[in-house]
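Using the working numbering, the first residue of the sequence shown is number 1267, and each one after it goes up by one. I have placed the structure first, in the form of structure tokens, so that the comments after it can refer back to it.
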Amino acid sequence: MPTDIVREDVQRLVQEGAQLVDVRPDAEYQGQRIVGAISLPLKALDTATTDNALDRSRAVVVY
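Written as structure tokens, this is what we have:
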């Protein structure tokens, strides 16, 4: 279930093992990104892409 969170929550979740996913277009991701974030552009998301890129046993933080 999607939930809005603040920066401190993101930092805590990532420290606890959450996956950080950047859904912006690739050009924006290449220009500036958060270290450790996975690039999965929103327009390219599908089940096969997410199944291969994400560990379903870990939390996911999307921005």
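All C-beta atoms, glycine included, are put in the ideal place defined by N, C-alpha and C. A quick note: this is a predicted structure, and the numbers were derived from the prediction, not measured.
Under DSSP, Val1280 shares a beta bridge with no residue. When DSSP states are grouped into helix, strand and coil, Leu1306 belongs to the coil group. For Leu1286, the pairing in a beta bridge is given by DSSP as Val1327.
Leaving aside the five residues that flank Lys1309 on each side, the residues in its chain whose CB is nearer than 8 Å to its CB run, in chain order, Pro1291. Around the CB of Asp1312, fewer than 16 other CB atoms lie within 10 Å, so the residue is classed as exposed.
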